[in-house]
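Peer 1:
Protein chains: 2
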Amino acid sequence: MTYADHTGTGDPRRTIELLWGVRGKPRRGPKPKLTVEEIVTAAIGLADSEGIAALSVRRGAEQLGVSPMSLYTYIPSRAELLDLMMDRVHGELTDPPPSDEWRVTVTILAEDAWEMYHRHPWLLQLTTGRLPLGPHTFAKHERELSAVDAIGLTDLEMDAVVAMVNGFVQGMARGSVESAGLVRRSGMTDVEWWNASAPVLAEIPEADAGLFPLAARIGQSAGEAHGAASAPLHTFRFGLARILDGVEQLVTGEAPGADRELPS
Amino acid sequence: MTYADHTGTGDPRRTIELLWGVRGKPRRGPKPKLTVEEIVTAAIGLADSEGIAALSVRRGAEQLGVSPMSLYTYIPSRAELLDLMMDRVHGELTDPPPSDEWRVTVTILAEDAWEMYHRHPWLLQLTTGRLPLGPHTFAKHERELSAVDAIGLTDLEMDAVVAMVNGFVQGMARGSVESAGLVRRSGMTDVEWWNASAPVLAEIPEADAGLFPLAARIGQSAGEAHGAASAPLHTFRFGLARILDGVEQLVTGEAPGADRELPS
DNA sequence: ACAAACTCTGTACACTGTAGAGAGAACAGG
DNA sequence: CCTGTTCTCTCTACAGTGTACAGAGTTTGT
Chain A
1 MTYADHTGTG DPRRTIELLW GVRGKPRRGP KPKLTVEEIV TAAIGLADSE GIAALSVRRG
61 AEQLGVSPMS LYTYIPSRAE LLDLMMDRVH GELTDPPPSD EWRVTVTILA EDAWEMYHRH
121 PWLLQLTTGR LPLGPHTFAK HERELSAVDA IGLTDLEMDA VVAMVNGFVQ GMARGSVESA
181 GLVRRSGMTD VEWWNASAPV LAEIPEADAG LFPLAARIGQ SAGEAHGAAS APLHTFRFGL
241 ARILDGVEQL VTGEAPGADR ELPS
Chain B
265 MTYADHTGTG DPRRTIELLW GVRGKPRRGP KPKLTVEEIV TAAIGLADSE GIAALSVRRG
325 AEQLGVSPMS LYTYIPSRAE LLDLMMDRVH GELTDPPPSD EWRVTVTILA EDAWEMYHRH
385 PWLLQLTTGR LPLGPHTFAK HERELSAVDA IGLTDLEMDA VVAMVNGFVQ GMARGSVESA
445 GLVRRSGMTD VEWWNASAPV LAEIPEADAG LFPLAARIGQ SAGEAHGAAS APLHTFRFGL
505 ARILDGVEQL VTGEAPGADR ELPS
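From first to last, the protein sequence lines stand for chains A and B.
Residues in the first sequence are numbered consecutively from 1, following my numbering.
Residues in the second sequence are numbered consecutively from 265, following my numbering.
#1: Does the beta-carbon of residue 166/A have 16 or more other beta-carbons within 10 angstroms, so that it is buried, or is it exposed?
#2: Taking all protein chains shown into account, decide if residue 184/A is buried (16 or more other Cβ within 10 angstroms of its Cβ) or exposed.
#3: Could you tell me whether the Cβ atoms of residue 132/A and residue 7/A are closer together than 9 Å?
#4: When the cut-off is 9 Å and only beta carbons count, does residue 94/A lie next to chain B?
#5: Please report the residue range of the alpha helix (DSSP H) in which residue 383/B lies.
#6: For the stretch 114 to 131 of chain A, which residues have a beta carbon sitting closer than 7 Å to at least one beta carbon of chain B?
#7: If you measure from the beta carbon of residue 265/A to each beta carbon in chain B, is any gap under 9 Å?
#8: Nearest to residue 339/B by alpha carbon, out of 295/B, 274/B, 508/B?
#9: Measure the alpha-carbon distance for residue 199/A versus residue 220/A and round it to whole angstroms.
#10: What residues of chain A sit near residue 511/B, judged by a beta carbon separation below 9 Å?
#11: From what residue to what residue does the alpha helix (DSSP H) around residue 477/B run?
#12: Give the secondary structure of residue 90/A by DSSP, where H, G and I count as helix, E and B as strand, and everything else as coil.
#13: Hey, could you find the ends of the alpha helix (DSSP H) residue 272/A is sitting in?
#14: Would you tell me roughly how many angstroms separate the C-alpha atoms of residue 266/B and residue 54/A, rounded to the nearest one?
#15: Quick check: what's the CA-CA separation for residue 280/B versus residue 201/A?
#16: Please state whether the Cβ-Cβ distance between residue 128/A and residue 470/B is less than 9 Å.
#17: Whose C-alpha, out of 508/B, 487/B, 510/B, is nearest the C-alpha of residue 459/B?
#18: Thinking C-beta only, is residue 360/B closer than 9 Å to residue 347/B?
#19: Out of 66/A, 43/A, 60/A, 139/A, which one is the CA nearest neighbour of residue 477/B?
#20: Pull up the distance between the alpha-carbon of residue 264/A and that of residue 493/B, whole angstroms please.
#21: Strictly under 9 Å for the Cβ-Cβ distance: is residue 12/A near chain B by that measure?
#22: By alpha-carbon positions, which one of 182/A, 218/A, 59/A ends up nearest to residue 121/A?
#23: With a threshold of 9 Å between beta carbons, is residue 444/B in contact with chain A?
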């Protein structure tokens with residue numbers, strides 16, 4: 001992968017025009033066979049079913065019945081295509097039902113995003129440093145901010161809370177999604193993989209089981225409780241609830257650790 | 265990138281033997297020019313300075329003064345090399361000074377990891393679904409568990425808290441690291457990029473500023489306060505503190521949202 | 001009719017990971 | 001010592017990648 005995973009490079013004007021679907025009107029030359037929308041749809045389909053690595057310009061063009069280089073008529077480079085795909089997928093998210101409990105709203109938004117990442121695992125492999133400045137990505141951000149608006153946070157705190165929840169959701173979803181992907185690609189469940197690995201580990205004297213007593217104990221407990229090495233959805237919901245507990249304390253002004261200084 | 269970012273595929277025995285440095289003793293044939301350790305060191309150096317995309321087998325071999333295919337004598341594939349690199353880097357983490365406040369310990373561990381991800385940004389591009397079963401990765405996990413041991417959590421809660429903190433750290437570090445990487449690659453700071461994009465957005469009638477009032481207001485506030493579009497370290501510390509507040513409530517049994525049911 | 005503007009295609013380049021075959025080196029047993 | 005085994009290392013080759021560039025063909029404005 002010697003090319004960009006995403007933009008933030010590239011001509012901002014062209015990228016933004018593509019994202020918002022405003023076309024410089026070309027009124028000469030042959031009728032285009034495709035539209036940008038079709039290309040994005042096909043690309044998302046390919047990425048969903050075969051992974052982002054399978055989404056090559058050649059494969060995409062093949063699926064659309066067109067020569068590879070033809071796509072460059074519509075899109076400056078693969079990076080911009082990824083921007084368009086991300087913004088399109090953000091459009092799958094919708095406004096949550098109104099609620100007077102901000103916790104409920106934030107939870108719904110987080111779970112919606114969690115599900116979106118599972119429907120489109122490749123999203124989490126894209127660079128998120130500079131989000132595409134498209135309508136749906138903006139709408140997502142606005143929705144998230146409005147969920148914590150007027151609950152007693154400063155502007156800066158609102159910003160931080162949204163960023164924190166997003167970071168958490170993405171971090172947890174990545175683990176979940178990758179683990180599911182590995183099962184598919186390797187044909188081995190996590191448990192089978194562990195069962196294949198554990199005996200080998202046991203043969204290695206340096207890897208004395210006594211060295212990592214907690215890991216052994218907790219691993220055992222978690223495995224028995226979940227029937228798997230991990231239970232991502234459970235952990236996600238548990239963690240989100242803790243985070244919201246923490247935010248709630250901030251709102252009500254009872255943060256237990258607020259006065260604690262960090263050493264160093 | 266048509267190849268695996270990481271293992272979990274591949275012969276577990278061979279991978280584990282490599283990770284723990286136990287060598288099947290070959291006592292015939294020419295003396296090896298290299299060691300696995302040298303290869304891993306060179307690979308990490310390359311990935312640190314030029315990014316994971318620059319770490320090709322050919323580049324690595326070149327740096328070591330050896331032909332590309334020679335590396336396959338030491339390592340079954342690039343995926344295993346990535347495993348080895350990850351475990352090696354996990355070895356940079358150390359035990360935190362003893363403390364009787366678990367919050368302090370967890371905070372130090374999280375900040376250490378945060379820094380590690382910034383030293384080695386490529387870590388966050390590796391698949392984390394199945395961590396390498398190497399000594400340092402185990403030690404990291406054991407350390408994290410022991411930070412929340414005997415503070416009043418069940419085994420399952422310990423597991424979930426560690427997973428949640430790790431997910432959070434990784435999610436936030438990814439944003440931070442990628443934004444820094446984009447600055448380097450594109451030669452444009454976030455602010456410059458935004459300044460180049462905003463006027464274009466303003467020209468687009470569909471992107472009416474009134475559509476996203478909160479995003480506009482908060483963006484403004486955050487920009488003024490931080491002198492940048494985002495302040496990752498600040499957000500990271502803020503979020504971590506909220507998370508630990510939430511965990512603390514769980515420990516002391518005063519979770520405000522614990523009895524709330526999730527709709528749907 | 002002509003030129004401009006546009007879409008689309010084929011070729012080409014510099015890359016990627018790694019399979020496979022074979023050359024040469026070091027040791028074990030005789 | 002010689003010979004066979006086992007190991008390291010190299011070369012070649014293949015099927016991919018994104019996309020620069022040149023040119024062919026089509027539609028429209030004048």
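Think of the CB as a built atom: it goes at the ideal place given N, C-alpha and C, for glycine as much as any other residue.
A quick note: this is a predicted structure, and the numbers were derived from the prediction, not measured.
Peer 2: Taking the coordinates as given:
#1: By the 10 Å Cβ count, residue 166/A comes out buried.
#2: Flag for residue 184/A reads exposed.
#3: Between residue 132/A and residue 7/A, the C-beta gap is smaller than 9 Å, which places the two residues in contact.
#4: Put simply, the CB of residue 94/A is far from chain B, with every gap to its CB atoms at 9 Å or more.
#5: Segment 366 to 383, the alpha helix (DSSP H) holding residue 383/B.
#6: Answer set for the stretch 114 to 131 of chain A: 127, 128, 129, 130.
#7: The question about residue 265/A has no answer here: the residues shown for chain A are numbered 1 through 264.
#8: Ranking 295/B, 274/B, 508/B by Cα distance to residue 339/B puts 274/B first.
#9: Their backbone Cα atoms lie some 15 Å apart in a straight line.
#10: The contacting residues are 242, 245, 246.
#11: Going by DSSP, residue 477/B is part of the alpha helix (DSSP H) stretching over 477 to 490.
#12: Residue 90/A falls in the helix class under three-state DSSP.
#13: What is shown of chain A runs 1 to 264, which leaves residue 272/A out entirely.
#14: In this prediction, residue 266/B scores a pLDDT of 42, lower than 50, which makes its location untrustworthy; no coordinate-derived value is stated.
#15: Residue 280/B and residue 201/A have their alpha carbons spaced roughly 7 Å apart.
#16: No, these two residues do not count as a Cβ contact at 9 Å.
#17: Ranking the options by Cα distance to residue 459/B, first place goes to 487/B.
#18: If you check the CB distance, residue 347/B and residue 360/B do not come in under 9 Å.
#19: Closest by alpha carbon: 139/A.
#20: With a pLDDT of 33 at residue 264/A, under the threshold of 50, the modelled position of that residue is not reliable, and no figure is offered here.
#21: It does; some Cβ of chain B falls within 9 Å.
#22: When 182/A, 218/A, 59/A are compared, the shortest CA-CA separation from residue 121/A is found for 182/A.
#23: Chain A has a Cβ within less than 9 Å of the Cβ of residue 444/B.
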